[in-house]
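A.B. asks: Before I ask anything, here is the structure I am working with.
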Amino acid sequence: MENTPSFDKVHLRFKLNGTYFDREDLKEVAYSFVKEGEPYEQSIGDFLMDWLNNKDHLYVRTSGSTGTPKHIRIQKQFMVNSAIASGDFFNISVGDSALHCLPAEYIAGKMMLVRAMILGLEIDLVAPTLHPLIEKEYDFSAMIPLQVYNSLDKLNNIKQLIVGGAAVKKELIESVQNKDTLVYETYGMTETVTHIAAKQINNFRSAEAMENAHFKVLPNVKVTLDKRNCLVIDAPYIAEETIVTNDIVALISADEFDWKGRYDNIINSGGVKLIPEQIEKKLAPIVQQRFFVYGIEDAELGEKLIMVVEGKEDSKLETEIKKVGDLEKFEHPKSIYFLDKFLETKNGKVIREPSVHKALGA
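For the sequence shown, full-length UniProt numbering gives the first residue as 1, with consecutive numbering after it.
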């Protein structure tokens, strides 16, 4: 990638909350955020301090879509390359305005800042709530589906919006059809430095065009399938190694694909990827019977976390779960179901999906 800016440069047209900052001034802003800012600003400050130091890499926390959440090392230049590819793909121009409303602890929130610094955007920061504050018009922003769902009345203030972190459900796609905003669903993960592909989901000229919309890969990304029909990503400008995913896809062409589903049983709830085995480990000390957690379809969250317990109904269980100290907010089951006897294999292994259907009376 010739003429690509290096990670230690900040674009002259970069603006943060309406003010121009060069690299040195930005270090002071970062320090101020860490010391005096709101919690979301502290996270932004932490990232900026990492970005503006002399190291050529940083560590990013994964969301857990490819296993147990962990911190992985990413080259800063890979993040620059990703920003340039996004700029080309979405026709982002120098001086465009952008809204930052994602948590900076994760790659999507970090990359919005990198795009701004590298592409020369004028970016405004707001708290990353499920109801993001949209007070003026913007050229570009990124959200999770639940934020989009909660922002439909103000969505037209954003010209171009990318949506990621969870699969975009049919109901949400239908809700954005009458919006002027050009909305894209994205596909990616921490290991690919956010999205490597995007799919337009509204503003179609015909029903046929909508039917033929597929994920299209960004520049310098190649995709193939493994023996499981799972996506394999080769992107040397943003990842040191070929990435084998657990996402089952159908290749439409050399640079287009359709996402079909997960190969494993990760639960994606409101943009947060939940690992059943990790949650079950935390709940095990308080549950005497066999149990498991599972994700069922939900209009708002995408998937809703539920718990299925073998045995008689226990009204105290919900209260006990609330006392589990290391259980994250999104790891609390939304509903608890009881089933006299789990369906199981001959060697006694619980068959989850049929057991869930039986517990729900489906």
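We put the beta carbon where it would ideally sit given N, CA and C, even for glycine.
If you run the structure through DSSP and keep just helix, strand and coil, what is A284?
C.D. replies: helix
A.B. asks: Based on Cα-Cα distance, which residue from S97, E320, N156 lies nearest to L283?
C.D. replies: E320
A.B. asks: How far does the alpha helix (DSSP H) with D88 in it reach, from first residue to last?
C.D. replies: That run of the alpha helix (DSSP H) goes 76-89.
A.B. asks: Could you check where the alpha helix (DSSP H) with L305 kicks off and where it finishes?
C.D. replies: Looking at the DSSP string, L305 is not in any alpha helix (DSSP H); the run it does join, the beta strand (DSSP E), is 302-310.
A.B. asks: Where does N3 land, buried or exposed, given buried means 16+ other C-beta within 10 angstroms?
C.D. replies: exposed
A.B. asks: Would the beta-carbon of A85 fall within 8 Å of that of M112?
C.D. replies: no
A.B. asks: Going along the chain, which unbroken runs of the beta strand (DSSP E) with 3 or more residues stay wholly within the stretch 23-72?
C.D. replies: 57-61
A.B. asks: Beta strand (DSSP E) containing E188: first to last residue?
C.D. replies: Note that residue 188 is Gly in the sequence shown here, rather than Glu. Looking at the DSSP string, the run of the beta strand (DSSP E) that includes G188 is 182-189.
A.B. asks: Pop quiz: I233 and T242 are said to be a contact at Cβ under 8 Å. What is the actual Cβ separation, rounded to whole angstroms?
C.D. replies: Rounded to whole angstroms, the Cβ separation of I233 and T242 is 7 Å, and the two are in contact under 8 Å.
A.B. asks: Give me the DSSP bridge partner(s) of residue 363.
C.D. replies: Nothing can be reported for residue 363: it is not among the residues displayed for the chain, which extend from 1 to 362.
A.B. asks: For S43, which residues in the same chain have their Cβ closer than 6 Å to its Cβ, ignoring the five residues on either side in sequence?
C.D. replies: For S43, where only same-chain residues beyond five positions count, the Cβ hits under 6 Å are A104, E105.
A.B. asks: Could you pull out every residue in the same chain whose Cβ sits closer than 7 Å to the Cβ of A116, ignoring the five residues on either side in sequence?
C.D. replies: F14, A98, I123
A.B. asks: Between P285 and L305, is the Cβ-Cβ spacing less than 8 Å?
C.D. replies: No; because the gap between Cβ atoms is not below 8 Å, this pair is not in contact.
A.B. asks: Could you check if G325 is buried or exposed, using at least 16 other CB atoms within 10 Å of its CB as the buried criterion?
C.D. replies: exposed
A.B. asks: What are the residues that DSSP puts in a beta bridge with M143?
C.D. replies: Answer is V163, bridged to M143.
A.B. asks: Let's see if you can read the secondary structure: which residues bound the alpha helix (DSSP H) around I118?
C.D. replies: 107-119
A.B. asks: Between the beta-carbon of A359 and the beta-carbon of L339, is there less than 8 Å?
C.D. replies: yes
A.B. asks: Start and end of the beta strand (DSSP E) containing T319?
C.D. replies: It is not in any beta strand (DSSP E) - T319 instead sits in the alpha helix (DSSP H) that spans 317-322.
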